[in-house]
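A short worksheet on the structure shown next.
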Amino acid sequence: MTVARQILEHNRQFRETNSTDLVTKIARMKEDVFPFFRATAHLYYADMAALPPSPYTNAQTGRCWLAGDVHLANFGAMRDAAGAEVFALSDFDEAYVGQYLWDVQRLAASLLLASYASDIEPAERRPAIAAMATGYLDCLAGFEAGGDGPAFRLTADNTSGLVQKAIKKAAKADRKEFLAKFKGPDTRPVADAVRDAVTAAMPDYVSRIAPAHRKAVAYYQVLDVRQRLGAGMGSLGKLRYYALLHGTDDGKVVLELKQAVPSAVEVANPGALPSASYGGHEGQRIARAQRAMQHDADVLTGYATIAGMPFHVHEKAPTDKDFKYDGIASAAELNKAAAILGMALASAHAWADRDHGAQLVNVGIGKAVSDAVTSRSGFIAELTRFADSYAAKVRQDWQAFKEALERGEPMY
92 MTVARQILEH NRQFRETNST DLVTKIARMK EDVFPFFRAT AHLYYADMAA LPPSPYTNAQ
152 TGRCWLAGDV HLANFGAMRD AAGAEVFALS DFDEAYVGQY LWDVQRLAAS LLLASYASDI
212 EPAERRPAIA AMATGYLDCL AGFEAGGDGP AFRLTADNTS GLVQKAIKKA AKADRKEFLA
272 KFKGPDTRPV ADAVRDAVTA AMPDYVSRIA PAHRKAVAYY QVLDVRQRLG AGMGSLGKLR
332 YYALLHGTDD GKVVLELKQA VPSAVEVANP GALPSASYGG HEGQRIARAQ RAMQHDADVL
392 TGYATIAGMP FHVHEKAPTD KDFKYDGIAS AAELNKAAAI LGMALASAHA WADRDHGAQL
452 VNVGIGKAVS DAVTSRSGFI AELTRFADSY AAKVRQDWQA FKEALERGEP MY
């Protein structure tokens, strides 16, 4: 199947419900190779399904909770449920169980693809892959050794550069300023039927919040609903709503409700996560992954069914700050950021292993990876070769996509 056909098949599921965002998506994909890469996790996992296994994997390492769509733009700063400003993975739409290496490889490729627009020379980019891999393996080893590993956080105290800047920005966030943007130009009003459907979904959603974190009924009163447009890349096409809740006397609360669809990872590892394990509800799958892969995850993380469609729900907080990867201006900055991203990915994998929920992931991922990576230098060399070759393939796919657009082929 051609690249254009695969993109069409993926996007057409959203054609009837959100063609506005699909127009935006295709335009952004055409502009640059990195947005194209971000928007096509489904192409990546189709490719992973066809690759022979790496010598640095085994059956045990294949039982890892994956974020699925790991790249520079899916990390960020946030305030966790314990009140600490931290840096972590921020997107779990494609979360699934599979080979840890798929997350690591996707991040490695993104380090090359996202830096092409900068002045960093190609030869200067590759050391960032080694920095990321070293950060990943060292952090996993820390979890496996015990000590402070399980309590590990990336904070302003143990980070630097652009990551530290994002964390400090999160700490200064102002709720009033944030709420003032609720009706911003990137949102639009919804029909009464949509607002009614969101409101009707709230009781079931609230009933699944842990009793210790559940507020009074008035807290969850829906005051307004807006549709969010133009957010993300891979998510473009999915319905995304912001619901303004009454909250407390200290301030209103915004929930983000995003349409949930099956994970792209499944094509590379079918049946690894039985649908019964998440009640056949894709929003529950995402919420479960977020709770597993984020330490002290947002207590409002959950799921809902709106007009018969599954949605993932979480708080859209003023303290949520994206990692501004486009601010990377030198090889030194790229290396510094890459090491921290590797640590963030490793901590997510480690938090979500058997110590979190052995019924799904019944291995200690730190030990499994340690046993599989018999040569660190060999691992880094293989990862670098993969990133180089896969980045080249993505550029070829991007060119094929643009040529198909020029021929007038439909993309949704």
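Numbered according to this note's numbering, the sequence shown spans residues 92 to 503. We put the beta carbon where it would ideally sit given N, CA and C, even for glycine.
Discussion item. Quick check: ALA292 and ALA395, are their CB atoms within less than 8 Å of each other?
Written reply: Contact flag set, yes.
Note to self: Using the three-state DSSP reduction, which class does THR290 fall into: helix, strand or coil?
What the structure shows: In the structure shown, THR290 sits in a helix (DSSP, three-state: H, G or I).
Proximity to ASP277 [Cα-Cα], best of ALA322, ALA164 and TYR135:
Nearest option by C-alpha distance: ALA322.
- Query: Count the other CB atoms within 10 Å of the CB of MET92; is the residue buried (16 or more) or exposed (fewer)?
  - Reply: Result: exposed.
For this session: Check whether the region 351-358 touches the region 170-188, counting contact only when three or more Cβ pairs, one atom from each stretch, lie closer than 8 Å.
Result: Two segments are said to touch when three or more pairs of C-beta atoms, one from each, lie closer than 8 Å; by this definition the region 351-358 touches the region 170-188.
Original post:
What does a CB cutoff of less than 6 Å around ARG266 pick up in its chain, not counting 5 residues either side in sequence?
Top reply: Excluding sequence positions up to five before and after ARG266, its CB lies within less than 6 Å of the CB of GLY342 and PRO409, all in the same chain and listed in chain order.
Got a sec? Which residues, its chain only, sit under 7 Å from GLY252 by beta carbon, not counting five neighbours each side? Cβ within range, chain order: GLU424, LYS427 and ALA428.
message = So, with DSSP's three-state summary, where would you put GLN350?
response = Looking at GLN350 - three-state DSSP - the assignment turns out to be strand.
| request: From the DSSP output, read off the bridge partner residues of PHE234. | output: Looking at the DSSP output, PHE234 sits in no beta bridge, so it has no partner there.
On a Cα-Cα basis, can you pick out the residue from TRP489, GLU494 and LEU474 that is closest to ALA221? Nearest to ALA221 by alpha-carbon distance, out of TRP489, GLU494 and LEU474, is LEU474.
Looking at the structure shown, is ARG317 part of a helix, part of a strand, or coil, going by DSSP? Collapsing the DSSP output to three states places ARG317 in a strand.
Exercise for review: Answer with buried or exposed for ARG129, where buried requires no fewer than 16 other C-beta atoms within 10 angstroms of its C-beta.
Suggested key: It is buried - the Cβ of ARG129 has at least 16 other Cβ atoms within 10 Å.
- Task: Determine which residues share a DSSP beta bridge with GLU176 and list them.
- Result: Note: GLU176 sits in a beta bridge opposite ARG170.
task = Have a look at GLU373, HIS372, ARG279 and VAL177 and flag the residue whose alpha-carbon is nearest the alpha-carbon of ASP413.
result = If we check each option's Cα against that of ASP413, VAL177 comes out closest.
Going along the chain, which residues of its own chain have a beta-carbon closer than 6 Å to the beta-carbon of TYR311, five neighbours each way excluded?
Apart from the 5 residues on each side of it in sequence, TYR311 sits with its Cβ closer than 6 Å to the Cβ of MET293, VAL297 and LEU336 in its chain, given in chain order.
Practice task
Label THR465 either buried or exposed according to how many other C-beta atoms from any shown protein chain fall within 10 Å of its C-beta, with 16 as the threshold for buried.
Solution key: With fewer than 16 Cβ atoms within 10 Å of its Cβ, THR465 is classed as exposed.
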